[in-house]
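>
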Amino acid sequence: RDNEHLHIWPWRCTMGHTWGEVVETAREKVRETGAGLMIVDTLNRFAGLQGEDENKPGPVMEALRPLIALAQEENVAVLSVRHANKLGYGRGSTAVE
74 RDNEHLHIWP WRCTMGHTWG EVVETAREKV RETGAGLMIV DTLNRFAGLQ GEDENKPGPV
134 MEALRPLIAL AQEENVAVLS VRHANKLGYG RGSTAVE
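Count along the sequence shown starting at 1, add 73, and that's the number in my numbering.
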C-alpha cells in the first residue's frame with residue numbers, strides 16, 4: 074500500500090516482465106515521486122537470477138548494471154537486500170561485496 078512517502082511494488086507484480094522492463098518502470102516511479110532511495114529485496118528474485126547464476130559474478134554484475142545506471146542517472150540511492158545463508162554469510166556472488 075502506497076502513501077505519500079512510501080511506494081511498494083511487490084515482486085509478484087513484476088512477473089511476466091523482463092528485468093529491463095522492471096528497472097525502467099522503477100526509473101519512471103523514481104522520477105514521478107522524486108524518490109531518494111530505492112530498495113530491492115532481493116536482486117536475485119527481481120532480476121530472475123536462479124540456481125548457480127546467483128553465485129556467478131557475471132550474471133550478478135549484468136543484473137546490477139541497470140541499477141547502477143539508474144542510481145547514477147537519477148541521483149537515487151539503491152539498496153539491494155542480501156539474505157544470509159545457513160552459515161551466516163551473504164547468499165550469492167561476492168560481486169556485490
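Idealized CB from N, CA, C, for every residue including glycine. Computed from a prediction, not measured in an experiment: that's the story for all the values here.
Quick check: the region 126-135 against the region 97-106, are at least 3 beta-carbon pairs closer than 8 Å?
No, the region 97-106 is not in contact with the region 126-135.
> Mapping the DSSP letters down to three states, classify Met-88 as helix, strand or coil.
Three-state DSSP puts Met-88 in coil, outside helix and strand.
> State buried or exposed for Ala-120, treating a residue as buried only when at least 16 other CB atoms are found within 10 Å of its CB.
Classification for Ala-120: buried.
> Tell me the DSSP secondary structure of Val-113 in three-state form.
Strand, per DSSP.
> Contact defined as beta carbons within less than 8 Å: I believe Leu-143 pairs with Val-96. What is the distance between those atoms, to the nearest angstrom?
About 6 Å separates the two Cβ atoms, so the contact holds.
> According to DSSP, Ala-150 sits in a beta bridge with which residue or residues?
In the DSSP output, where bridge partners are listed per residue, Ala-150 has Leu-110.
> Determine the direct distance from the alpha carbon of Thr-98 to that of Trp-82, and round the result to whole angstroms.
When rounded, the distance between both Cα atoms is 10 Å.
> Got a sec? Which residues, its chain only, sit under 8 Å from Thr-113 by beta carbon, not counting five neighbours each side?
Sequence inspection shows Val at residue 113; the Thr mentioned does not correspond to that position. Only Phe-119, Leu-140, Val-151, Leu-152, Ser-153, Val-154 meet the Cβ criterion.
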